[in-house]
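Peer 1: The structure is given below, and queries will be raised subsequently.
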Amino acid sequence: MQKKISLGVNIDHVATLRNARGENDPALIELALVAQNAGADLITIHLREDRRHIRDADVFDLRKNLKIPINFEMALSEEILRIALEAKPATACIVPERREEITTEGGLDVAHKKNEIASFVERLHAAGTEVYLFIEPDAGMVKLAAEVKARGIEFHTGAYARAFTNLVERRAELTRLKNAATLAASLGLEVHAGHGLNYFNTGAICGIEAITELNIGHAIIARSLVTGLTAAIQDMLIVMGR
Ligand code: PXP
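Below, the structure is given as structure tokens:
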């Protein structure tokens with residue numbers, strides 16, 4: 009039997025649309041509940057330091073009203089950490105963040121921030137939130153993630169997504185992901201993946217044995233404009249063999 013890979017639906021773009029008019033339309037919680045009913049296994053949100061989409065109140069509102077877990081993406085920021093420690097999401101994924109970027113551009117540099125990351129992992133784990141590090145599929149980064157005692161890693165699949173139309177590069181990126189995933193699993197790390205995944209490139213990622221969760225935002229929210237959010241999520245679940 010094929011293993012079940014969990015789907016985290018990232019709803020940041022719903023908040024972007026809401027914020028465009030400064031009112032509460034669309035209501036984030038309403039869409040999150042639709043996602044929950046459609047079969048999303050978790051809701052993923054990124055509380056950015058500039059609050060460009062998700063806001064502090066959203067985190068608590070979602071936490072209070074959803075039955076499914078929240079995956080909280082966060083930068084190495086003491087201010088954001090305080091909110092995470094108070095909201096206690098099921099999981100937190102530490103991501104690199106630059107104010108000028110449109111989206112998270114690459115993986116975390118665990119080597120240069122090792123002590124700081126270890127301290128975030130320790131404090132979040134003490135509060136009951138399991139910590140993942142958003143890293144490139146790179147053996148060195150995987151080993152460092154294990155050293156700082158993260159629960160797992162989320163592989164940045166941006167390079168794979170960009171390589172998708174070139175078969176040689178696609179295969180190379182898939183191999184890179186597979187090798188890093190196998191190493192991570194052998195070190196006891198849970199393996200997630202995300203970024204740039206869509207209805208065409210996600211299937212092959214699901215073939216990687218160690219991967220247990222995908223976090224997908226842009227493709228699902230974009231498709232939902234055509235099909236509605238329920239169908240967009242259920243179509244992705246079909247792509248994932250569910
Ligand atoms: N995972 C992480 C850690 C991310 O930062 C993002 C982008 O916010 C995603 C997954 C989702 O990426 P996309 O919107 O390209 O599906």
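The numbers in the sequence shown follow this note's numbering, run straight up by one, and end at 250. Where a beta carbon is used, it is the ideal one built from N, C-alpha and C, also for glycine. These figures come from a predicted structure and were not determined experimentally.
May I ask you to verify whether the stretch 224-236 touches the stretch 18-30, counting CB pairs closer than 8 angstroms and requiring at least 3?
Peer 2: yes
Peer 1: Under 7 angstroms: does the beta carbon of His-61 sit that close to some heavy atom of the ligand MG?
Peer 2: No copy of the ligand MG appears in this structure; the ligands present are the ligand PXP.
Peer 1: Mind checking whether the beta-carbon of Ala-227 lies closer than 7 angstroms to any heavy atom of the ligand PXP?
Peer 2: Indexing the sequence shown from 1 puts residue 227 at position 219. Because some heavy atom of the ligand PXP lies under 7 angstroms away, the Cβ of Ala-227 counts as near it: yes.
Peer 1: Give a single yes or no on whether Phe-142 has its beta carbon closer than 7 angstroms to a heavy atom of the ligand PXP.
Peer 2: By 1-based counting over the sequence shown, the position of residue 142 is 134. Of the heavy atoms belonging to the ligand PXP, at least one sits nearer than 7 angstroms to the Cβ of Phe-142.
Peer 1: Return helix, strand or coil for His-54, following the three-state DSSP convention.
Peer 2: What you label residue 54 is simply residue 46 of the sequence shown in a count that begins at 1. In the structure shown, His-54 sits in a strand (DSSP, three-state: E or B).
Peer 1: If I measure Cβ to Cβ from Gly-148 and keep anything under 8 angstroms in the same chain, skipping five residues before and after, which residues do I get?
Peer 2: Position 140 of the sequence shown holds residue 148. Ala-119, listed in sequence order.
Peer 1: If you check the beta carbons only, do Ala-100 and Phe-80 fall under 8 angstroms apart?
Peer 2: Indexing the sequence shown from 1 puts residue 100 at position 92. Indexing the sequence shown from 1 puts residue 80 at position 72. The answer is yes: Cβ separation under 8 angstroms.
Peer 1: Using alpha carbons as the reference points, say which of Leu-195, Tyr-140, Glu-124 and Leu-182 lies closest to Lys-151.
Peer 2: Taking the sequence shown and counting its residues from 1, the one referred to as residue 151 is at position 143. For the residues Leu-195, Tyr-140, Glu-124 and Leu-182, the minimum Cα distance to Lys-151 belongs to Leu-195.
Peer 1: On the DSSP bridge list, what partners appear for Thr-238?
Peer 2: On the sequence shown, position 230 is the one that residue 238 refers to. The partner list for Thr-238 (beta bridge, DSSP) is empty, contrary to what the question assumes.
Peer 1: Counting C-beta neighbours from all protein chains within 10 Å, is the total for Gly-235 16 or more, i.e. buried, or is it exposed?
Peer 2: Counting from 1 along the sequence shown, the entry for residue 235 is found at position 227. Looking at the sequence provided, one finds Thr at residue 235 rather than Gly. Counting Cβ neighbours within 10 Å, Thr-235 comes out exposed, since fewer than 16 surround it.
Peer 1: Where does the unbroken alpha helix (DSSP H) through Asn-174 begin, and where does it stop?
Peer 2: Position 166 of the sequence shown, counted from the first residue, corresponds to residue 174. No alpha helix (DSSP H) holds Asn-174; DSSP gives it neither H nor E.
Peer 1: Of all the options Tyr-140, Asn-73, Arg-179 and Val-22, which has the alpha carbon lying nearest to the alpha carbon of Ile-213?
Peer 2: In the sequence shown, counting from the first residue as 1, residue 213 sits at position 205. Restricting attention to Tyr-140, Asn-73, Arg-179 and Val-22, the CA atom closest to the CA of Ile-213 is found in Arg-179.
Peer 1: Count the other C-beta atoms from every protein chain shown that fall within 10 angstroms of the C-beta of Ile-229, then say buried if there are 16 or more, exposed otherwise.
Peer 2: Here residue 229 refers to the residue found at position 221 when the sequence shown is read from its first residue. It is buried - the Cβ of Ile-229 has at least 16 other Cβ atoms within 10 Å.
Peer 1: So the alpha helix (DSSP H) Val-67 belongs to, where does it begin and stop?
Peer 2: Locating residue 67 in the sequence shown gives position 59, where the first residue counts as 1. First-last of the alpha helix (DSSP H) with Val-67: 64-73.
Peer 1: Going by DSSP, what residue range makes up the alpha helix (DSSP H) through Leu-39?
Peer 2: Numbered from 1 along the sequence shown, position 31 holds the residue referred to as residue 39. Its alpha helix (DSSP H) spans residues 36-46.
Peer 1: Does the beta-carbon distance from Glu-198 to Gly-136 come in below 8 angstroms?
Peer 2: As a working note, residue 198 is residue 190 in the sequence shown. As a working note, residue 136 is residue 128 in the sequence shown. Cβ atoms of Glu-198 and Gly-136: not closer than 8 angstroms.
Peer 1: By the three-class DSSP mapping on this structure, what secondary structure does Phe-163 have?
Peer 2: If you number the sequence shown from 1, residue 163 lands on position 155. Phe-163 falls in the strand class under three-state DSSP.
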